[in-house]
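S.K.: The listed protein sequences derive, respectively, from chains A, B and C. Just so you know, we're using the numbering used here here: the first sequence kicks off at 72 and counts up by one. Just so you know, we're using the numbering used here here: the second sequence kicks off at 901 and counts up by one. Just so you know, we're using the numbering used here here: the third sequence kicks off at 5 and counts up by one. Glycine is no exception: its CB is placed at the ideal position from the N, C-alpha and C atoms. Computed from a predicted structure; not experimentally measured. Pasting a structure below so you can have a look.
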Amino acid sequence: MSIIDLTSMGEPQKDIKNQINNRLKKLQDEVSEFCYQCAKCTSGCEAHKLLELEPHKIVALLKRGLIDEMLNSDVIWTCMSCFKCRERCPQKVAPVEILFALKNIAVASGKPIPGKYSAMLQSILSNGLIQDVQTISDRNNQAIKRDKLNLPDLSKPVDTNKFQLVLSKLAIEKI
Amino acid sequence: MKKYVFYPGCVMPTEQYAYELSIREIMPILDIELIDVKDFSCCGEPMKSVNQLMTIYLSARNISIAEKEGYDIFVPCPMCHLSLSECQNILENNHEINKKINEMLSSENLCYNKPINIVNTVDLIHDIVGLDKIKKLVKNPLNKLKAATHYGCHLIRPSEIGRPVDSENPQKMENIIKAIGAEPHDYSEKLDCCGAMINTNLPESALTKTGQKLVAVQNYGFDVFVDVCPWCHRMFDSKQKKAGETVAAKLDMPVVYLTQLLGLSFGIDRNKLGLNLNLSPVDKIKFGGK
Amino acid sequence: MSKKIGVFVCHCGINIASNVDIEELIKYSSNLNNVIVSKDYKYMCSDNGANLIKDTIKKYKLDGIVIACCSPRMHENTFRGYVENAGINAFNLEIANIREQCSWAHDDKKRSTEKAKSLVRGAVAKARLLESLEKSTISVNPNALVIGGGISGIQTSLDLAEKGFKVYLVERTPSIGGRMAQLDKTFPTLDCSGCILTPKMMEVANNQNIELITYSEIENVDGNIGNYKVKIRKKPRYVDLDKCTGCGDCVVACRLKDRISNEFDMGLGKRSAIYIPFPQAIPMKCTVDENNCLMIKHGKCGKGPLCIEACEADAIDFSQKEEFLEIEVGVIVVATGYDLLDPSKVYEFGYSRYKNVITSMEMERLISSSGPTSGEILCPSNNKIPNSITYILCVGSRDETSCTWCCRIGCMSALKQIYLIKEKFGNKVEINISYTDIRSFGKGYEEFYRKIRGENTNFFRGKPSDVRNIQDRLKLDIFDTTTNKLFEINTDLVVLVPELIPRMDSDVFSRILHISQSSDGFYLEAHPKLRPMDTFTAGIFLAGCCQGPKDIQDSVSQASGAAGRAANILSKKELEAEPQVAIVDVENCSGCSMCISICPFNAIDLVEEKGKKQAKVIEALCKGCGACVGACPSGSMQQLGFKDKQMIPMVEETVY
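Structural data, given as structure tokens:
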């Protein structure tokens, strides 16, 4: 007995589907199976017009268990996390959170992390913040840095060794 | 004098200095004392796409640090505010994750015990300071200034996590703006996203979102665009020129932080509020009528 | 004299037998004291089961019966009948529930068999001590009360009146007619709503058996099946109904003419402070709106009320006060209808913020030739004919954040309106409809849906995220899952089809009537399939949308059904009273009145006999709920069939 998607020869991946559903239940108390495909999410999706993200299709593919298709697509990285889909869903489904789960799984399985995420991660590991203090320019094109502005010292992790140790342990943990 | 632990996050203290300057200027006037604490880190929200457990850990870590001080926490950045709030929700509702996070926290000698109040700029000013007090402090009423507000997605949604303003019809910024004499107006695109979250990997698209919203606001004839989020402000103000180029429009929209606008109405010096750091044409803002 | 008890174990097919070892249970029970015989059968409730019980009782001269089977709620009455057929008093029967409370609840056969033994053991213990009870009778008042004068209440009233019963029909508003009176045409047959409703309203007015009490509300309900006492509050109309001819001269004369929002037109039209709600109103009499009338609000109206001046019949009477009247009836039929969800609760769709976002009920009034625009469909913002109309279905319906249920009429009412709009404008007006599923389940509905599909209507299978006002147009983005494309729709008029919800005061009203509500707030039927018109309160029935959303067809069917159910009672001179009532041990009763304060049915009086105060149960009112028994501090309140001396051994044996 089997179900096969003839366009990709993909088969439902029950284990990873259950893993995602359990995670959503745990973190957001969300049950994607309740989706009835009204597409209210996609109608209002901030990323749809520009980047062709279709949240209702993400939910449908999850329900069908066709996970690899999504993990292999860049489209999961187009979500702007505006949370409109979750806010307005009549069945309390949260496509935005499914997308977070999918991206996490893609990263954990070694797929490339796009854009500046790696740099931000590196920065958090080394000084606790996504970026170090920046030099900016004011309206008259004068360079300005934090220390010129009479602001208190930046708050960041004091014991960086301990901090790094925990974060590196986190990388291999699962929710 | 009410005391709050001041949680600055990443973007504000490393780049969006105008927000921090204006906050530090107006809070004492509003009888709010901010307590600076060492050892904070990123809230984790920017890493939610990469590893959500890290997001939860970092937020829990920051809550634990604030908890030790014994005061509620003031979080001016909406993204941090959502991250910390969601973290508390998860830790309160899921024993298993709570246990796991606390095990990790213990290696930094920290512990998450119980939820604390997490306040943002908008509810701090609107609900805790109160509009009556604001009205009394106004020296330069911003009469007839037509203002558009932008709350930032993370401040308004998702309501399930408990946000400081109404998710579909937020009015607290409008009420504050009215209290200082200006005229807020609702507009159809009010709840739309600035695009900042994909600036990390798809900057062109992010700027398109920014540009589209500013074009709409400009076409409605607003005099000023008011926000409270350092991420959004970075898009609407710092990158306004680029956003205009991306959508092929001439953008000329003064963008200010709510705290800057309040400071102006209180008669505080422009530079003390960091107005020299806004890259949008804030000099266009006129006081006491046009 | 010790009892001779028989134990009967039902397999309930495999419902019990698959999880309880029947053979072992039979063996076990036959060893219990006083048990003479134990028998099992596949379906004890069947004819064969009935014969088995009857024959066994006769053969062994049994006088105590234990049946181990399903819940007593299911078949206690059935089995009482079987026991009576064998010639012994029905109250010598005790049921051991080994289905709902045993075989269905557990999955370990061994342990559930043990539990079944305990339950049977307890039941036998009680059966040893059961006494015969005699049923008393109560007389039945042959009159009926129908609450609500919409199509359901009208139909119930007419049916009961035709059967020869006197009916009091109480309506809250000035006229009967309800929601149906507001509709233009009805789906799927396109009958003119007024044309089919008005004759029925006339019938109500002319029927000698129906006493119509309009502009009145139910204040209080006391009593029980067969004998309800109902207090009704008649609101002052400030118009003498006997004198008023319904000529309408006062309406034209009123100083506030065309100044007050007309609720019948959903606020789209205006009326005077003295008004007739709609041209076909029954009774065709005027009513003064006390919330707006200057005379009532401020005590003066210019130099004098113009209505009084205009009224030749001298019918207007500002000195009227509210009146209370009490009626006695045998049954009550509740037909209080529904409210519509306020769509501004679904904020993103712009209702109440944008003038040209309206509800389907407002559209109904625009389409209606007796409506505020005389049947012209005009945009409220500018009174212009729209070039494009867009329907959004399921507003607040099937929505976990608002109302979880389906409104059952939204799809069809929208399709019907589209038909009527097409009839007026042909294809000159663009029609869009945003749907998730079209539910066209009734007779002739699917055919009607097909007709509309063939009529140049743009069906979009998808919901917009919001409705935006861009200059003078409304803009919606809808992702259509049939074409997999996002469509931007610029339109003049957006029609929201809102959810049907329970009446705002249904919580309060359910307490007045002592009836239950389901989790959605609608009134709860006694059984969703087998007793859909009954409530759990004997003698009170439901008709129409107060029980859940319905179309007119279903409402009328249920209304006639409720009339039939009610007539079953009214046609009897007397009813058998519940014999398992509370009784007072007058020796020990101190007259503390604890029982009186807790009794939900006002069935206990405090009487004085021989200088001693004591409680007295009015058997006709007692429902045998047992609340007083639990509350009595001295144990002198006992319930027949559940006396302490019967219950305590039962409990002890069950758990020993």
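Starting from Asp936 of chain B, find everything on chain A with Cβ-Cβ shorter than 9 Å and list it in chain order.
M.R.: Numbered from 1 along the second sequence, position 36 holds the residue referred to as residue 936 of chain B. By Cβ distance, chain A contributes Pro223, Asp224 and Ser226.
S.K.: Can you tell me the Cα-Cα spacing of Val1115 of chain B and Phe940 of chain B, whole angstroms?
M.R.: Against the second sequence, residue 1115 of chain B aligns to sequence position 215. Against the second sequence, residue 940 of chain B aligns to sequence position 40. Rounded to whole angstroms, Val1115 of chain B to Phe940 of chain B spans 37 Å at the Cα level.
S.K.: Can you look up Gly1189 of chain B in the DSSP assignment and give me helix, strand or coil?
M.R.: Residue numbering aside, residue 1189 of chain B sits at position 289 when the second sequence is read from its first letter. Confidence in Gly1189 of chain B is poor, its pLDDT being 42 and thus under 50, which makes the residue's placement unreliable; the coordinate value appears in the next sentence. Gly1189 of chain B: coil per DSSP, three-state reduction.
S.K.: Name the chain A residues whose beta carbon is nearer than 8 Å to that of Thr440 of chain C?
M.R.: For the purposes of this step, residue 440 of chain C is identified with residue 436 of the third sequence, where counting begins at 1. Within chain A, the residues near Thr440 of chain C are Tyr107, Gln108 and Cys109.
S.K.: Which partner residues does Met641 of chain C have in the DSSP bridge list?
M.R.: Numbered from 1 along the third sequence, position 637 holds the residue referred to as residue 641 of chain C. Paired residue(s): C:Val588.
S.K.: Name, please, each residue of chain C whose Cβ falls closer than 7 Å to the Cβ of Pro161 of chain A.
M.R.: The residue you call residue 161 of chain A lines up with position 90 of the first sequence. Per Cβ cutoff of 7 Å: Arg402, Asp403, Glu404 and Thr405.
S.K.: Measuring CB atoms only, is the region 179–189 of chain A touching the region 1095–1105 of chain B, in the sense that at least three cross pairs come out at less than 8 Å?
M.R.: As far as the Cβ criterion goes, the region 179–189 of chain A touches the region 1095–1105 of chain B, which means the pair count is three or higher.
S.K.: For Ile965 of chain B, which of helix, strand or coil comes out of DSSP?
M.R.: Taking the second sequence and counting its residues from 1, one reaches residue 965 of chain B at position 65. If DSSP states are grouped into helix, strand and coil, Ile965 of chain B belongs with the helices.
S.K.: Whose Cβ in chain C lies nearer than 8 Å to the Cβ of Thr113 of chain A?
M.R.: Counted from its first residue, the first sequence places residue 113 of chain A at position 42. Ordered by position in chain C, the residues that pass the 8 Å Cβ test against Thr113 of chain A are Gly466, Phe483 and Leu490.
S.K.: Go ahead and pull the three-state DSSP assignment for Phe191 of chain C.
M.R.: Looking up residue 191 of chain C in the third sequence gives position 187. DSSP places Phe191 of chain C in coil when its eight states are reduced to three.
S.K.: At a CB-CB cut-off below 7 Å, which residues of chain C make contact with Lys96 of chain A?
M.R.: If you number the first sequence from 1, residue 96 of chain A lands on position 25. Ordered by position in chain C, no residue passes the 7 Å Cβ test against Lys96 of chain A, which lies about 15 Å from the chain.
S.K.: Can the beta-carbon of Ile138 of chain A be found less than 8 Å from the beta-carbon of Lys88 of chain A?
M.R.: The residue you call residue 138 of chain A lines up with position 67 of the first sequence. The residue you call residue 88 of chain A lines up with position 17 of the first sequence. In this structure, Lys88 of chain A lies closer than 8 Å to Ile138 of chain A by Cβ.
S.K.: Can you name the start and end residues of the alpha helix (DSSP H) that His79 of chain C belongs to?
M.R.: Position 75 of the third sequence holds residue 79 of chain C. Unbroken alpha helix (DSSP H) run through His79 of chain C: Pro76 to Asn89.
S.K.: Please state the DSSP three-state secondary structure of Leu1050 of chain B.
M.R.: Your numbering for residue 1050 of chain B matches position 150 in the second sequence. Sequence inspection shows His at residue 1050 of chain B; the Leu mentioned does not correspond to that position. Looking at His1050 of chain B - three-state DSSP - the assignment turns out to be strand.
S.K.: Output, in sequence order along the chain, the residues in the region 337–367 of chain C whose CB is closer than 7 Å to any CB in chain B.
M.R.: Those residues of the region 337–367 of chain C that come within reach of chain B (Cβ to Cβ, closer than 7 Å) are Tyr351 and Glu352.
S.K.: Once you ignore the five residues that flank Ser522 of chain C on each side, which residues in its own chain have a CB closer than 7 Å to its CB?
M.R.: The residue given as residue 522 of chain C occupies position 518 in the third sequence. These residues qualify, in order along the chain: Leu528.
S.K.: For Gly186 of chain A, go through chain B and note every residue whose CB falls closer than 9 Å to its CB, in chain order.
M.R.: Taking the first residue of the first sequence as position 1, residue 186 of chain A is located at position 115. Per Cβ cutoff of 9 Å: Ile1098, Asn1099, Thr1100, Asn1101, Leu1102 and Pro1103.
S.K.: Check each candidate in A:Gly136, A:Gly81, A:Gln162 and A:Val167 and name the one with the smallest Cα separation from Tyr107 of chain A.
M.R.: Here residue 107 of chain A refers to the residue found at position 36 of the first sequence. With distances taken between Cα atoms, Tyr107 of chain A lies closest to A:Gln162.
S.K.: Along chain C, which residues have their Cβ under 8 Å away from the Cβ of Glu1068 of chain B?
M.R.: In the second sequence, the residue the question calls residue 1068 of chain B occupies position 168. Ordered by position in chain C, the residues that pass the 8 Å Cβ test against Glu1068 of chain B are Tyr351 and Glu352.
S.K.: Can you give me the Cβ contacts of Leu344 of chain C inside the same chain, cut-off strictly under 8 Å, excluding the 5 residues immediately before and after it?
M.R.: Within the third sequence, the letter at position 340 stands for residue 344 of chain C. Excluding residues within five positions, the ones whose Cβ falls inside 8 Å are Thr363, Met365, Pro502, Glu503, Leu504 and Ile505.
S.K.: Cα separation between Gly1189 of chain B and Val1182 of chain B?
M.R.: Counted from its first residue, the second sequence places residue 1189 of chain B at position 289. Counted from its first residue, the second sequence places residue 1182 of chain B at position 282. Caution applies to Gly1189 of chain B, whose pLDDT of 42 falls short of 50 and renders its modelled position unreliable; the model cannot decide the point.
S.K.: What are the residues in the region 514–528 of chain C lying within 9 Å of chain A by C-beta distance?
M.R.: Answer in chain order: no residues at all.
S.K.: When you compare only the Cα positions, how much space is there between Ala257 of chain C and Ala530 of chain C?
M.R.: Translated into positions along the third sequence, residue 257 of chain C becomes position 253. Translated into positions along the third sequence, residue 530 of chain C becomes position 526. Whole-angstrom Cα-Cα distance: 51 Å.
S.K.: Rounding to the nearest angstrom, what Cα-Cα distance links Lys649 of chain C and Leu133 of chain C in this structure?
M.R.: Position 645 of the third sequence, counted from the start, is the residue given in the question as residue 649 of chain C. Position 129 of the third sequence, counted from the start, is the residue given in the question as residue 133 of chain C. Distance between the alpha carbons of Lys649 of chain C and Leu133 of chain C: 8 Å.
S.K.: Reducing DSSP to helix, strand and coil, say where Gln557 of chain C ends up.
M.R.: Here the question's residue 557 of chain C lines up with position 553 in the third sequence. DSSP places Gln557 of chain C in helix when its eight states are reduced to three.
S.K.: The alpha helix (DSSP H) spanning Arg457 of chain C covers which residue range?
M.R.: On the third sequence, position 453 is the one that residue 457 of chain C refers to. Segment Tyr449 to Arg457, the alpha helix (DSSP H) holding Arg457 of chain C.
S.K.: Kindly confirm or deny that the region 174–186 of chain C and the region 275–282 of chain C touch, where touching means at least three C-beta pairs closer than 8 Å.
M.R.: Judged by Cβ distances under 8 Å, the region 174–186 of chain C makes contact with the region 275–282 of chain C, as three or more pairs qualify.
S.K.: Shorter than 8 Å from the beta carbon of Arg135 of chain A to some beta carbon of chain B?
M.R.: Numbered from 1 along the first sequence, position 64 holds the residue referred to as residue 135 of chain A. Not an interface residue.
S.K.: In three-state DSSP terms, what is Asp230 of chain A?
M.R.: Residue numbering aside, residue 230 of chain A sits at position 159 when the first sequence is read from its first letter. Asp230 of chain A: coil per DSSP, three-state reduction.
S.K.: Would the region 238–246 of chain A and the region 1012–1032 of chain B be scored as touching if the rule is three or more Cβ pairs under 8 Å?
M.R.: Counting Cβ pairs under 8 Å, fewer than three are found: no touch.
S.K.: In its own chain, which residues sit with a C-beta less than 6 Å from the C-beta of Met270 of chain C, not counting the 5 before and 5 after it?
M.R.: One-based indexing of the third sequence puts residue 270 of chain C at position 266. Excluding sequence neighbours, Met270 of chain C sits near Met365, Glu366 and Arg369.
S.K.: Taking the continuous beta strand (DSSP E) assigned at Asn228 of chain C, which residues delimit it?
M.R.: On the third sequence, residue 228 of chain C is found 224 positions in, with the first residue counted as 1. Taken as a continuous stretch (DSSP letters only), the beta strand (DSSP E) holding Asn228 of chain C covers Ser220 to Asn228.
S.K.: Relative to chain C, which residues along the region 1064–1091 of chain B have a C-beta separation below 7 Å, given in chain order?
M.R.: Listed by position along the chain: Glu1068, Asn1069 and Ser1088.
S.K.: Cβ closer than 8 Å: which chain B residues qualify as neighbours of Asn473 of chain C?
M.R.: Taking the first residue of the third sequence as 1, we reach residue 473 of chain C at position 469. Here the neighbours are Ser1088.
S.K.: When we look at the beta-carbon of Glu656 of chain C and count the other beta-carbons within 10 Å, is it buried (16 or more) or exposed?
M.R.: Position 652 of the third sequence, counted from the first residue, corresponds to residue 656 of chain C. Its Cβ having fewer than 16 others within 10 Å, Glu656 of chain C is exposed.
S.K.: So, with DSSP's three-state summary, where would you put Asp484 of chain C?
M.R.: Position 480 of the third sequence holds residue 484 of chain C. Strand.
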